[in-house]
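Working notes for the structure below.
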Amino acid sequence: MDMPDEACEQEAPHLREIVLFLSVHLDRAPGVLWPEYDNPAFGDPDDPDGADGADGADGAFGVEGAGAGPAGGGVRPAQVDRFTAELASLTGLSVRLDRVETAGSGPGVGVDAVWTGQPGDREHLLIHQIAGAVTWQLTGTGESGRPESFQCRLLPGEVLYVPARWSRRCVGAPQARYAVISLCGAGG
């Protein structure tokens with residue numbers, strides 16, 4: 000992933016943070032970004048009016064299975080489109096919002112969490128925590144070729160990178176919400 004320094008300097012601070020974060024982690028190892036800047040694509044659960052400058056068309060909305068309304072942490076569709084397009088342009092990857100999920104709402108809540116792999120094992124994931132907290136457990140093959148594991152507790156605003164071919168499971172608190180962003184190389 001080659002990104003000219005000039006291009007990075009001209010981008011929004013939240014985007015610059017994610018691109019620099021990916022330049023360190025992509026195809027290497029899982030990692031957590033504790034950003035200094037809010038990503039306007041993802042709603043602030045403490046800001047029900049969307050006071051981050053979003054107009055009516057960019058207001059937060061709920062996604063099925065993720066709860067509704069900005070008070071629960073939402074996604075601003077126009078901002079997400081802008082974010083994914085800019086990230087794709089800077090990284091050369093195909094970038095899309097895959098889904099928004101509520102950690103404790105799926106079938107089998109209260110039993111052992113299920114391990115999940117990426118479709119085709121070619122996609123990398125960015126998981127952006129919107130509301131609540133989720134403990135993520137990851138397993139995969141590290142750069143050394145040996146099996147490795149990674150565990151972290153993701154808080155609102157934080158971002159987890161999950162490399163392709165790594166399995167994941169979340170042990171979430173009910174009502175914790177997160178967005179899953181898929182990243183795929185040009186050949187994938």
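Reading the sequence shown from the start, the letters are residues 0 to 187 in numbering that gives the first Met the number 0. We put the CB at the ideal spot given by N, CA and C, even for glycine.
Note to self: Can you look up E85 in the DSSP assignment and give me helix, strand or coil?
What the structure shows: DSSP, reduced to helix, strand and coil, places E85 within a helical segment of the structure shown.
Item checked: Close-in-space but distant-in-sequence residues of the same chain around A132 (CB under 7 Å, 5 per side omitted) -> Taken in chain order, the residues that qualify are R152, L153, L154, A172, A175.
Check: Whose C-beta lies closer than 7 Å to the C-beta of L92 among residues of the same chain, with five residues either side of it excluded?
Finding: L182, C183, G184
Notebook entry, point to check: In this structure, does DSSP put P146 in helix, strand or coil?
Noted result: strand
Check: In angstroms, rounded to a whole number, what distance separates the CA positions of A84 and S22?
Finding: 17 Å
Item checked: Proximity to G200 [Cα-Cα], best of D37, H24, T140, P29 -> The structure shown does not extend to residue 200, since the chain spans only 0 to 187, so no value can be given for it.
Check: Could you check where the beta strand (DSSP E) with E100 kicks off and where it finishes?
Finding: 93-101
Note to self: Helix, strand or coil, according to DSSP, for H15 in the structure here?
What the structure shows: A small correction: the amino acid at residue 15 is Arg; His does not occupy that position in the sequence shown. R15: helix per DSSP, three-state reduction.
Margin query: Going by beta-carbon coordinates alone, are S216 and G139 separated by less than 8 Å?
Written below: Residue 216 lies beyond the residue range present for the chain, which begins at 0 and ends at 187; the question has no answer from this structure.
Next item on the list: Return the residue from the list P12, R15, P76, L25 that minimises the CA-CA distance to L125.
Entry: For the set P12, R15, P76, L25, the Cα lying nearest the Cα of L125 is the one of L25.
Check: Going by the beta-carbon positions, is the gap between V161 and L137 smaller than 8 Å?
Finding: yes
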